[in-house]
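Chains as they are written, first to last, in my numbering: chain E, 47 to 659; chain P, 1245 to 1577. Each residue gets a CB set at the ideal place from its N, CA and C atoms; glycine is no exception. From a predicted model like this one, the values you see are computed outputs, not experimental measurements. Following: one structure in structure tokens, then a few remarks.
If you want it as structure tokens, here you go:
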């Protein structure tokens, strides 16, 4: 973590509890205008979740917490907890916050011996802090609550030799800094269908148990922010658009991602029937992070629920996030990531601007459509891999890293992987139309680009115009490859592959509501043929959308819309009908259903106006 | 006892001290990870910090057993152990029984830590985010990267001839500070990734540098100018360098893909020494002061190897499939 310009610890502590903030906190607690989302549905779902998790048999803190709180298998839960406090092979950031969350939720039902053993765990265990943003959030949440629970103890009583005060102070500073960074310049591990859950879960625990009202407020605001960030990209349980830290199995089956549990609990989507459907069941059966949500008192504000569920009218939503810390081969530690999302009632088309924005697990663009069947997505990528890319983000040796990453992530160097950042891929999106350009170096490890077309599509036809037209229910997807390609028949998909290094595709998405019949959609596509060429040796596509917008995009060049340059740097932290924030302002405005909720991270205040429903 | 007999006895004792291994010479080994490590299981191999006081015959683990990302560990003349870790800079004053993370939330990915031999309270560390330094034994640390263009630093050394002098290896060449890191100036090899830098403490102006792709360089003027010394070094990625304490014309280089190379003429020519070294990716080297024929080589995912014939041949020693990221000699008390 890079140092910043924060002042001394003493000054920071004083600043964080100014009378103005305390007054604001008191004022909010009296405010009648805090609209909670539909609590009945949430209460039913949290009951269902606790019932399911309390029946689990794998020893895990979430299982233990669910058993102890529901009263199911209490002796077994206590034995599990006991074993997890004595097993010296366990430790780390996941352990730190989940142990504290479980302990604080359940401590009134624990015997004295377990109180002692849990305290001892923070003396004898390795609590590795980790090397990613979510790791740090979990570690410092765990340490904050542990130091709060066992205050004024010497460093000899802690695994890291730091006293309770030091650990508390470290955690408070880091959490404060992370919240402010996220609220002003965006997350580094942004919009991850896997890891967003382990940002939300620690904040749920922190909100529940932070004794300091300022930290409690900060946790509440971070929960609001994270949930709103998910909600605006959410469509019937699908976390749509471009992502960081996305696993291949979730990319090709969005409803299988762990975040589905979060959207189900808090937004009520996907439906329960799907929740219980094995095809959609999240793969991390052992990770029930949302147990802390089910046990906790945080309730989703109504405005966020409305953002997540109101899909009556299409909208464009723009975001800025940041690249994870670049430690080598870069002039800027956290360059911006620009996200574009077009959300329609039945589908979403979303993209990142392209390039290396996240190591290993980037998902640059996709169209995701609402479907009763799995694999409800289409996308392309260049399967890039290099030690140099990894060395931008990890401190180990350049020539050693790729093999090492492959040991854990299995597919990093695979030519067939479904997640990848690539310096040879760039995008330009305008509403439901997208241009993707590929300028693959001839020396690149993989000299092809791939596309995922699920076999669950209702139709996939190649028109004489060159457009590949797909239909899934009432959603239509047009895909125009600029160069020659082949189809590879795979188990769940047709893999579109092109070996042309100077390449590009155009994507148009529509629907029955927008375009009438599928044949009508195909006809409209056929009247608009993209023009591919090279400009100074770099791929260029000129295309007029079926709605009449003229797009011109050159790799490494400008994005021109109807002759005018598009400035992606003007996106702001959030810009759209529901969620708005100027970059670096620290003020987030959420608007939906006549309710406006404003988070001011500078003053740590929440204000809300609008009518009760 | 006559004066003559006393002198004889003292002479014999001195001779024995010179021949026999010093009982107190301790090898510090930092094991970052293991190829056998898996996520989500409880039977992973023990990694972290190990010491041997018997020339590698036995090893003792100290401190945290789970994954803590220990890159390099060094012992100061007072026996204080300093470890460069993912969690920050760790210090142990009780031979590794207990540890303190001396750095705060703002320091992570510490790759090397070096104690100033002349002033043990002064400790500098290379991190992925620049150089940090303490002058009070780790109570307070400050970032000291002013003047460095690219912060990533994988190694540094205190400069023996200059009080408070430091030479730092960065991803963009070497940087030199003559004021304990308060300011830095480029010191050559710009544009080259420097992986390791080494001071020849018998020749205070002489330094060695190993690079990512360009072999070995030597400076004989305190780091002002550098000269390639890579003849015969066919593997040019150099992660480790170690001097023979009895003859500083003898230097070992640990390379990626090529195992160990050795020069006996101060880098004029190099010769590969691979016999018995079954893993070619050597990341750490140490030569015993008490017995310079004994050399240890730490490899990436191949464990630790030992040579007792000055690198002519190697035998696997310990840490099967492990990443032996750092080696040093210390523990003189």
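- For residue 517 (chain E), no alpha helix (DSSP H) encloses it; the enclosing beta strand (DSSP E) starts and ends at 514 to 518.
- At a cut-off of 8 Å between C-beta atoms, residue 402 (chain E) does not count as an interface residue with respect to chain P.
- One thing to note: residue 528 (chain E) has its Cβ no nearer than 8 Å to the Cβ of residue 497 (chain E).
- By the Cβ criterion, the stretch 1509 to 1518 of chain P is in contact with the stretch 1467 to 1479 of chain P, since at least three pairs of Cβ atoms, one from each stretch, lie closer than 8 Å.
- By the beta-carbon neighbour count (other beta carbons within 10 angstroms, threshold 16), residue 454 (chain E) is exposed.
- Of all alpha-carbon atoms in E:300, E:247, E:433, the one lying nearest the alpha-carbon of residue 147 (chain E) is that of E:247.
- At a cut-off of 8 Å between beta-carbon atoms, residue 234 (chain E) makes no contact with chain P.
- The beta-bridge partner set that DSSP reports for residue 1506 (chain P) consists of P:1496, P:1515.
- Taking 8 Å as the cut-off, the beta carbon of residue 520 (chain E) is found no closer than this to the beta carbon of residue 462 (chain E).
- Within the model, the alpha-carbon separation for residue 1448 (chain P) versus residue 1401 (chain P) is close to 12 Å.
- Under a criterion of Cβ atoms nearer than 7 Å, the residues of chain E adjacent to residue 1481 (chain P) are, in order, 445.
- Proximity to residue 566 (chain E) across E:129, E:442, E:279, E:515 peaks at E:515, based on C-alpha coordinates.
- By the 16-neighbour rule on beta-carbons within 10 angstroms, residue 1567 (chain P) is buried.
- Taking 3 residues as the minimum length, the beta strand (DSSP E) runs contained wholly in the stretch 542 to 607 of chain E are 548 to 557, 577 to 581, 584 to 590, 596 to 600, 605 to 607, in order along the chain.
- With respect to residue 600 (chain E), residue 554 (chain E) sits apart: the two C-beta atoms are not nearer than 8 Å.
- Apart from the 5 residues on each side of it in sequence, residue 606 (chain E) sits with its Cβ closer than 6 Å to the Cβ of 598 in its chain, given in chain order.
- For the C-beta of residue 1330 (chain P), the chain E residues within less than 8 Å are, from N- to C-terminus, 174, 175, 176, 177.
- The shortest CA-to-CA distance from residue 437 (chain E) to any of P:1440, P:1454, P:1372 is the one to P:1372.
- Residue 535 (chain E) carries a strand assignment under DSSP once its states are collapsed to helix, strand and coil.
- Per DSSP, residue 213 (chain E) is one residue of the alpha helix (DSSP H) stretching across 210 to 231.
- Distance from the Cα of residue 179 (chain E) is smallest, within the candidate group E:165, E:164, E:237, for E:237.
- With 16 or more neighbouring CB atoms inside 10 Å of its own CB, residue 1360 (chain P) falls in the buried class.
- The secondary-structure analysis by DSSP pairs residue 644 (chain E) across a beta bridge with E:635, E:653.
- Below 8 Å, too few C-beta pairs join the stretch 165 to 175 of chain E and the stretch 228 to 245 of chain E to call them touching: fewer than three.
- Under a criterion of Cβ atoms nearer than 9 Å, the residues of chain P adjacent to residue 206 (chain E) are, in order, 1331, 1332, 1334, 1343, 1344, 1345.
- In the structure shown, residue 1567 (chain P) adopts extended strand secondary structure according to DSSP, grouped into three states.
- For residue 1419 (chain P), the pairing in a beta bridge is given by DSSP as P:1412, P:1430.
- Residue 370 (chain E) is outside the set of residues whose beta carbon lies under 8 Å from a beta carbon in chain P.
- Straight-line measurement puts the Cα of residue 1314 (chain P) at about 6 Å from the Cα of residue 1275 (chain P).
- Restricting attention to alpha helix (DSSP H) runs no shorter than 4 residues, the stretch 1279 to 1364 of chain P encloses none.
- If you draw a straight line from the Cα of residue 538 (chain E) to the Cα of residue 585 (chain E), it comes to about 31 Å.
- Remark: C-beta atoms of residue 1497 (chain P) and residue 1546 (chain P) do not approach each other more closely than 8 Å.
- Any Cβ of chain P closer than 8 Å to the Cβ of residue 220 (chain E) would place that residue at the interface, and such an atom is present.
- Contact with chain P is absent for residue 458 (chain E), since none of that chain's Cβ atoms lies less than 8 Å from the residue's Cβ.
- The Cβ of residue 454 (chain E) sits closer than 8 Å to at least one Cβ of chain P.
- For residue 1456 (chain P), the nearest beta carbon of chain E is closer than 8 Å to its own beta carbon.
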